[in-house]
Amino acid sequence: MKILLINKYLYPKGGAETYVFKLGAELTAMGHEVEYFGMYDEKNVVGNCAESYTENIDFHKISVSYLTYPFKIIYSFKSRKRLRKVLDNFKPDIAHINNINFQLTPSIIYEIKKDKIPVVYTAHDVQWVCPNHMLTNPKAMKLCRRCMEKGYINCTLNRCIHGSMLRSFLGTVEAGLYRILHTYRLVDKIICPSKFIENELSANPDITGRTVVMHNFIEDKKSDSGKKGGYALYFGRYSIEKGIRTLLKAAADLPEVKFIFAGGGELEKEVNSVLNIENVGFKSGQELNDLIANADFSILPSEWGENCPFSVMEAQTLRTPVIGAKIGGIPELIDDGVTGLLFESGSLEDLKSKILMLHNDIDFCGKLSENCGNIKYDKIEEYVSKLIKIYTDLLDGI
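Following our numbering, the numbering of the sequence shown begins with 263 at its first residue and continues without gaps.
In structure tokens form, the structure reads like this:
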């Protein structure tokens, strides 16, 4: 089978890229032919034989000097033209799209459908119903469904994209255009990594009826550590939507608890200002595995609609229970009181009480850790086998 994997970035950048690259590698290992299409960048680690990519567009740099950007990020004739070369050369059986909005644009779906190729989409976020893709009002940092309930103009009115009126207006136009055109009806199957994402996407009638929930796959995680290290761990981005400010307040109020933070971001100075937090910076690979495995528990205090966070799955795989915010897809991964604890997102007092509960009760914390060992997530091989079944069913239906 020939599979074309499409994503705006073709170099390591975030969770979506990790997903695409590991998926491609496993499909190749199973004997399938895989090529990739996205933006050109000298950092690209995958590509296509036609050596055809669309231009590199940075949505964050929109200004007076980028007068053509508003047209390119809404509907891209250039992306369609460059993709056409790949389609003609590779002749894929399946096109599997991932993050495409604002750079590749959903216009490429029309180019794929010219050849009657089945299209599968993995929804890494709620972009197709929420222009800022976070389902969150950035001012109040609370879940927001105004665009879904009262129209996309609310994105502009609330300056939901990076606080910019221009960017938010472009997001409003982009979302409205593809809703009017019913473009997403052309997508044959939509993979939702959480029931939360599936429920939110169902607000768009162009999507309803073609979704399937498949939690993300997880690699085997190993650590030589056989002993917990007496600290609470946060690993990930130091940003507002991750609930970092709430966690920092909790840490400052709990000087008896040792915290280790592993990551980086715009709030790093604030992280460094709390005396009982040791900021070890960004970690990966075995070094991160050992940090997670040695922690008594980890914390994910998100205040936005998380999809299916790898950080929860990684911690549990290493038998470290998670205190997670009751928001987005996080509750689907944590059995409250069994494999971790849930708290009300944004609630400082609830978060502090849950941290103290595990910090002060070593036996209970150990029991949660033991229970994490019974959690079974799909490995990449199992996940791809299910995906191949989806591909095959679509091809049989042509």
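Cβ atoms here follow ideal geometry from the backbone N, Cα and C, with glycine treated the same way.
Neighbour-count burial assignment, residue i, 16 or more Cβ in a 10 Å radius
| i | result |
| --- | --- |
| Gly-286 | buried |
| Arg-217 | This structure cannot speak to residue 217, because the chain is shown only from 263 to 660. |
| Ser-535 | exposed |
| Leu-550 | buried |
| Thr-582 | buried |
| Asp-658 | exposed |
| Phe-523 | buried |
| Gln-548 | exposed |
| Met-301 | buried |
| Asn-556 | buried |
| Thr-384 | buried |
| Leu-495 | buried |
| Leu-329 | Legend: pLDDT at Leu-329 = 49, less than 50; position of this residue unreliable, value from coordinates given subsequently. Exposed is the call here. |
| Asn-622 | exposed |
| Glu-528 | exposed |
Straight-line gap, residue i to residue j (C-alpha atoms, nearest Å)
| i | j | result |
| --- | --- | --- |
| Ile-268 | Ala-512 | 41 angstroms |
| Asp-450 | Arg-472 | 7 angstroms |
| Phe-299 | Lys-629 | 46 angstroms |
| Lys-520 | Lys-616 | 15 angstroms |
| His-444 | Gly-590 | 26 angstroms |
| His-424 | Ile-596 | 31 angstroms |
| Cys-409 | Cys-417 | 7 angstroms |
| Leu-439 | Cys-406 | 21 angstroms |
| Gly-433 | Arg-441 | 12 angstroms |
| Val-388 | Leu-272 | 21 angstroms |
| Tyr-281 | Lys-270 | 13 angstroms |
| Glu-644 | Ile-637 | 15 angstroms |
| Asp-655 | Val-382 | 12 angstroms |
| Glu-568 | His-477 | 13 angstroms |
| Ile-307 | Asn-420 | One detail in the question is off: residue 307 reads as Val in this sequence, not Ile. The alpha-carbon atoms of Val-307 and Asn-420 are separated by roughly 37 angstroms. |
| Val-296 | Asn-360 | 15 angstroms |
| Ile-554 | Gly-543 | 14 angstroms |
| Lys-264 | Val-475 | 24 angstroms |
| Pro-571 | Arg-447 | 27 angstroms |
| Asp-320 | Gln-365 | 8 angstroms |
| Leu-349 | Ile-379 | 10 angstroms |
| Cys-422 | Lys-401 | 8 angstroms |
| Lys-490 | Ile-624 | 10 angstroms |
| Leu-613 | Glu-606 | 7 angstroms |
| Ile-336 | Lys-404 | 27 angstroms |
Where residue i falls: helix, strand or coil (DSSP)
| i | result |
| --- | --- |
| Thr-601 | coil |
| Ala-385 | coil |
| Ser-573 | helix |
| Leu-661 | It is not possible to answer for residue 661, since the shown part of the chain is limited to 263 through 660. |
| Phe-479 | coil |
| Ser-560 | strand |
| Glu-297 | strand |
| Leu-272 | coil |
| Ile-335 | coil |
| Glu-568 | coil |
| Ile-642 | helix |
| Asn-306 | coil |
| Met-292 | coil |
| Asp-612 | helix |
| Asn-461 | helix |
| Pro-593 | helix |
| Gly-438 | helix |
| Cys-422 | coil |
| Leu-657 | helix |
| His-621 | helix |
| Gly-635 | coil |
| Phe-544 | coil |
| Asp-552 | helix |
| Phe-281 | The sequence given here has Tyr at residue 281, not Phe. Note: Tyr-281 maps to helix in three-state DSSP. |
| Ser-485 | coil |
DSSP beta-bridge partners of residue i
| i | result |
| --- | --- |
| Thr-398 | Leu-405 |
| Lys-451 | Val-382 |
| Thr-473 | Ile-452 |
| His-358 | Leu-267, Val-382 |
| Ala-524 | Phe-497 |
| Gly-586 | Leu-562, Leu-604 |
| Thr-661 | Here the chain comprises residues numbered 263 to 660, so residue 661 is not present and cannot be evaluated. |
| Ile-539 | Phe-521 |
| Thr-316 | Met-301 |
Closer than 9 angstroms to chain D by CB, residue i
| i | result |
| --- | --- |
| Arg-429 | Of the protein chains in the structure, only one exists, and it is not chain D. |
Discussion item. Three or more C-beta pairs under 8 angstroms: does that hold for the segment 599-616 against the segment 576-588?
Written reply: yes
Practice prompt. Would you check if the segment 491-511 and the segment 557-575 touch, i.e. whether three or more CB-CB distances between them fall below 8 angstroms?
Written response: yes
Worksheet item: Okay, do the segment 388-401 and the segment 308-315 touch, 3+ Cβ pairs below 8 angstroms being the bar?
Response: no
Fill in: Segment contact flag, the segment 460-471 with the segment 484-500, C-beta cutoff 8 angstroms, min 3 pairs
no
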